[in-house]
Structures are given as C-alpha cells and as structure tokens.
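Accompanying notes for the structure given below.
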Amino acid sequence: MDDALFQFLCRMGDNTLVLGHRVSEWCGHAPILEEDIALANIALDLIGQTQMWLGLAAEVEGHGQSADDLAMLRDAWDFRNLLIVEQPNGDFGQTMMRQYLFDAWHLAMLKGLETSSDARVSQIAQKSVKEVAYHLERSTDTVIGLGDGTDESHARMQAALDLLWPYVGEMFTPDAVDREMAKAGIAPDPASLRARFDADVAHVMEQATLKIPDTGFAHKGGKSGVQHSEHLGHILTQMQWLQRAYPGATW
C-alpha cells in the first residue's frame, strides 16, 4: 500500500511540478501584461501544490528525503506525470488548450480526493481545489474566446485541440496503482471521472465552435514512467541543473 500511495502522490506532484515549470516559461513573454501576470500566478499555484504532494510523498516513502529532493534529484524515468503536461507550450492558444484539458481533469480529481480516506490527501485537495477552480474558469473563458474568435484564432485552437486530444486518454486509464488507491478509498477510479469530463468538454467546445477529434487513440506511459517524451529531459535539464551542479546548495 505504501508504495502505491507513494507512486500516486508522485503522480499528483509531478503533474503540477512539470506543468508549473512549463507555464512559467511564459513569464515575460505572454501576449499582454494581464495574461503574463495570470500565467505566472498559475505557475506559482501549481508549484505550491507540488510542495504539498511531494512533501507527503517523501513522508510516506520514509527514506529521509524532502519535496525538494524528489523534485530536483530524480531522473526522467522516475517521474510519474501525465504526458500532456510535458508537451511544449507552442503558441498561446496551444498553451491554453493544454491548460484547459488538464484543468478539467485536475478539478474533477481534486473534488474526488476531498473525500479521501487518507486525511492528509483530503487536506491537500481541499487546499488546492479553490485555486484549480479558478484555473479552469480562466482557461475555459480563453478557449471559448479564441475558438469563437477570428478565423486565425479559431484555426489555431482547432489545431491545438487536434494535437493535444490524444493525450487525454492517459488521464482516465486506470492501472494497478489507480486500482489500489480506489480500493482503499484514497482516490477515485480515474475511469469514473471520464463521463463528466467528456460532457463538460463537449459543452465548452460547442461554445468555442471547435470539433473534438473522433479518435480513441491515447498516448500512454507518462504516469507509469515507462515512456516519457524527449521534452521531459529538456525540462529537467533546465529545472535541476543548479542542484545537480551544487548538491545541497542553500541561499
């Protein structure tokens, strides 16, 4: 049980860590100042959630590590994040489409975790759910605005949806870790979240005048660590280099 719980906590923390790093890449480069500030704040929210998830993961593991150790000293094959969060930002529309798809899953998962049988998990979910509800509100409005905007913005958003949709399936495909967490009442079965996700996304895409790809194909391997994309290695090279070069360095 402890190993499965550790893996699950790493999944939650790695998702927010990797996406937080990706979103932070927009700092100073967003289309307008308001979006620049908003994206920076979202990145900070996600990194703050990472601190809680990986902190608990380190506690459960019991090897004397900290959240920083798990974030900065693991190699790519030890990360358990979904493949969608490590994909490149692309243009602003692609970033916001990725954010929306992740937010829609993330909020549903956190709401399920609020009633977790593990009080520590429940507490983290309760602290995170308000932030993520805001993230989803923003990304929803942006996807609708750009999708139902100009011909150019519509085309870019449709291209982003076509590119990212094959990464959605991994969010809802349960494995041994997911099944053990569901059996223990610690986390919901991810498959149980799919119907509501599909309904919510369909409603938003209808307003955005975007067509959801008709494909059941799903990229997998991120949350098991078996098959990350090459992009994760580049992210970790940027994120971890200081701690790798100067182990134990403090300010």
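Per the numbering used here, the sequence shown starts with residue 9, numbered consecutively.
Ideal Cβ positions, reconstructed from N, Cα and C, are used throughout, including at glycine.
These numbers were taken from a predicted model, which means no experiment stands behind them.
Alpha carbon of residue i to alpha carbon of residue j, nearest angstrom
i: G120; j: A195; result: 7 Å
i: T148; j: A79; result: 29 Å
i: Q15; j: I40; result: 38 Å
i: L115; j: A167; result: 24 Å
i: W249; j: L218; result: 40 Å
i: G98; j: T150; result: 16 Å
i: A112; j: L154; result: 18 Å
i: G36; j: E42; result: 11 Å
i: K135; j: G241; result: 30 Å
i: L54; j: G28; result: 5 Å
i: M263; j: P96; result: No answer is possible for residue 263: it lies beyond the span of the chain, which begins at 9 and ends at 259.
i: T123; j: G193; result: 9 Å
i: Q59; j: D77; result: 11 Å
i: D197; j: E188; result: 9 Å
i: A12; j: A257; result: 31 Å
i: P182; j: A190; result: 10 Å
i: V209; j: D186; result: 23 Å
Whole-Å CB distance - residue i paired with residue j, under 8 Å assumed
i: H236; j: G230; result: 6 Å
i: A75; j: L62; result: 4 Å
i: F180; j: L201; result: 6 Å
i: L64; j: Q251; result: Not really, about 21 Å apart at Cβ, beyond 8 Å.
i: L118; j: A133; result: 5 Å
i: R30; j: V129; result: Between V129 and R30 the Cβ distance is about 25 Å, and since that is not below 8 Å, they are no contact.
i: Q215; j: D126; result: About 37 Å separates the two Cβ atoms, so there is no contact after all.
Reference residue i, options the options, closest by Cα
i: D222; options: A116, R82, A65, L171; result: L171
i: H71; options: V93, A84, D10, A38; result: D10
i: Q57; options: M247, A190, M189, E139; result: E139
i: E160; options: Q73, S32, F100, V176; result: F100
i: L25; options: H211, L244, P255; result: L244
i: E33; options: Q246, P255, W173; result: Q246
i: K228; options: Y175, G157, A199; result: Y175
i: E178; options: H211, V234, Q102, Y142; result: V234
Span of the alpha helix (DSSP H) around residue i
i: V26; result: 10–32
i: H162; result: 159–172
i: A46; result: 41–69
i: T103; result: 100–121
i: H260; result: Residue 260 is absent from the model: the chain starts at 9 and stops at 259.
* Just checking, does the region 83–90 make contact with the region 17–33 on the three C-beta pairs under 8 Å criterion? -> Between the region 83–90 and the region 17–33 there are three or more C-beta pairs closer than 8 Å, enough to call the two in contact.
* **Cβ contact check for the region 129–148 and the region 45–54: 3 or more pairs under 8 Å** => Flag = yes, the region 129–148 and the region 45–54 touch.
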